[in-house]
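Student: I am attaching a structure below and will ask some questions about it afterwards.
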Amino acid sequence: MNNFDLHNHSNCSDGQLAPRELVALAVQGRCDALALTDHDNTDGLAEAAVAAASAGLRFVNGVEISVTWRPESLHTTLHVVGLDIDPAAPAMAEGLASVRSGRHARAALMAEDLARAGITGALEGAYGHAEHRDMISRTHFARFLVEIGKARDVGSAFHHYLVQGKPGYVRHDWTRLAEAIRWIRESGGIPVLAHPGRYRLRPMQMDELLDEFQALGGEAVEVVTGSHSAEDMRRFADIARQRGLLASRGADFHGPGESEWAPGTLPLLPADLTPVWARFRAA
Ligand code: AMP
Ligand code: MN
Ligand code: MN
Ligand code: MN
Numbered sequence: 709m710n711n712f713d714l715h716n717h718s719n720c721s722d723g724q725l726a727p728r729e730l731v732a733l734a735v736q737g738r739c740d741a742l743a744l745t746d747h748d749n750t751d752g753l754a755e756a757a758v759a760a761a762s763a764g765l766r767f768v769n770g771v772e773i774s775v776t777w778r779p780e781s782l783h784t785t786l787h788v789v790g791l792d793i794d795p796a797a798p799a800m801a802e803g804l805a806s807v808r809s810g811r812h813a814r815a816a817l818m819a820e821d822l823a824r825a826g827i828t829g830a831l832e833g834a835y836g837h838a839e840h841r842d843m844i845s846r847t848h849f850a851r852f853l854v855e856i857g858k859a860r861d862v863g864s865a866f867h868h869y870l871v872q873g874k875p876g877y878v879r880h881d882w883t884r885l886a887e888a889i890r891w892i893r894e895s896g897g898i899p900v901l902a903h904p905g906r907y908r909l910r911p912m913q914m915d916e917l918l919d920e921f922q923a924l925g926g927e928a929v930e931v932v933t934g935s936h937s938a939e940d941m942r943r944f945a946d947i948a949r950q951r952g953l954l955a956s957r958g959a960d961f962h963g964p965g966e967s968e969w970a971p972g973t974l975p976l977l978p979a980d981l982t983p984v985w986a987r988f989r990a991a
């Protein structure tokens, strides 16, 4: 009973599948539990919970919150996953609404920047790929770029566009680390630092981030995730041991053909780590 997959997306944010289709894949992947962790919204949780209940799969309410860390200096985007949250908690619902609110203006600026590089129609094109309009994201722009033949797949769209220094990149101010952690805690959930190996931080900056994360009430780090190399997994397993952090595991699945790991197929957590699910409220 340790095949917990606690980081996955549906088409309520930038995933390709409906929540119930994601649940079906988790059953296929023989998951013992699944968390849906859409970016900055919780709209898919109810559908996923119903589908999981009828399939006999344990389901965990989650979210992945976009954060800007050290806005005055580094201005680095981080993702904080909240697990076992109550999506109806006012702090969470209002907080997420405020994070989402900047996405339309940002998308318009991204489209203007792409137009300057000769790519027109990106705003309408990206919205055409977004099931939920207020969750318009870079992934929807990437799918549009693939659709019009400017990139062969979503990964290469993110190589040539949409990232710092490339057409379509727009610097954006998300919420603060302290706020994201507070919303998660006030909704009864556990704050998890998502895919720490992906942030381009020097070892000392990573140390400072983890100090701050823990001081604010952060309790877990993702050790095994679809975006970690084997070396990242070893590194953050060691960090979890040294810091007494709980360990999490999740595919960060966005869709077949876009994500290498389907729900439930990643390596298991090292057995000596304390899994984050040890802290979940009783199922
Ligand atoms: P946004 O919140 O709109 O900035 O979009 C962030 C999302 O873009 C992430 O959650 C990923 O799903 C996707 N993304 C970012 N970088 C890459 C990449 N290099 N390859 C594929 N997807 C990426
Ligand atoms: Mn995403
Ligand atoms: Mn993420
Ligand atoms: Mn994610």
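Going by the numbering used here, the sequence shown opens with residue 709, and the numbers climb by one from there.
Don't be surprised by glycine CBs; every beta carbon is placed ideally from N, CA and C.
Quick caveat: nothing in here was measured; it's all calculated off a predicted structure.
Pull up the distance between the alpha-carbon of ASN994 and that of SER845, whole angstroms please.
Tutor: Residue 994 lies beyond the residue range present for the chain, which begins at 709 and ends at 991; the question has no answer from this structure.
Student: Would you report the Cα separation of LEU885 and MET912, rounded to the nearest angstrom?
Tutor: 18 Å
Student: Starting from PHE767, trace the beta strand (DSSP E) in both directions and tell me its first and last residue.
Tutor: 766 to 777
Student: Return yes when the C-beta of ASP915 is under 8 Å from any heavy atom of ligand 4, and no when it is not.
Tutor: Flag unset: Cβ of ASP915 not near ligand 4.
Student: Are there three or more Cβ pairs, one per stretch, closer than 8 Å when the segment 894 to 911 is compared with the segment 848 to 862?
Tutor: In short, these stretches do not touch, since the Cβ pair count stays below three.
Student: According to the Cβ coordinates, are PRO964 and LEU714 closer than 9 Å?
Tutor: no
Student: Span of the alpha helix (DSSP H) holding SER839?
Tutor: Here the sequence assigns Glu to residue 839, which means Ser is not the residue at that position. Unbroken run through GLU839: none, as it is neither H nor E.
Student: Counting pairs of beta carbons, one from the segment 937 to 955 and one from the segment 709 to 725, are three or more of them closer than 8 Å?
Tutor: These segments do not touch.
Student: Name all residues in chain order for which at least one heavy atom of ligand 1 lies closer than 6 Å to the residue's CB.
Tutor: Residues flagged by the Cβ proximity filter: ASP722, HIS747, SER774, SER845, ARG846, THR847, VAL862, GLY863, PHE866, HIS962.
Student: Between GLU772 and ligand 3, is the CB less than 8 Å from at least one heavy atom?
Tutor: yes
Student: Please say whether THR847 and ASP722 have beta carbons closer to each other than 9 Å?
Tutor: yes
Student: In angstroms, rounded to a whole number, what distance separates the CA positions of LEU976 and THR745?
Tutor: 19 Å
Student: Rounded to the nearest angstrom, what separates TRP882 and VAL775 at their Cα positions?
Tutor: 5 Å
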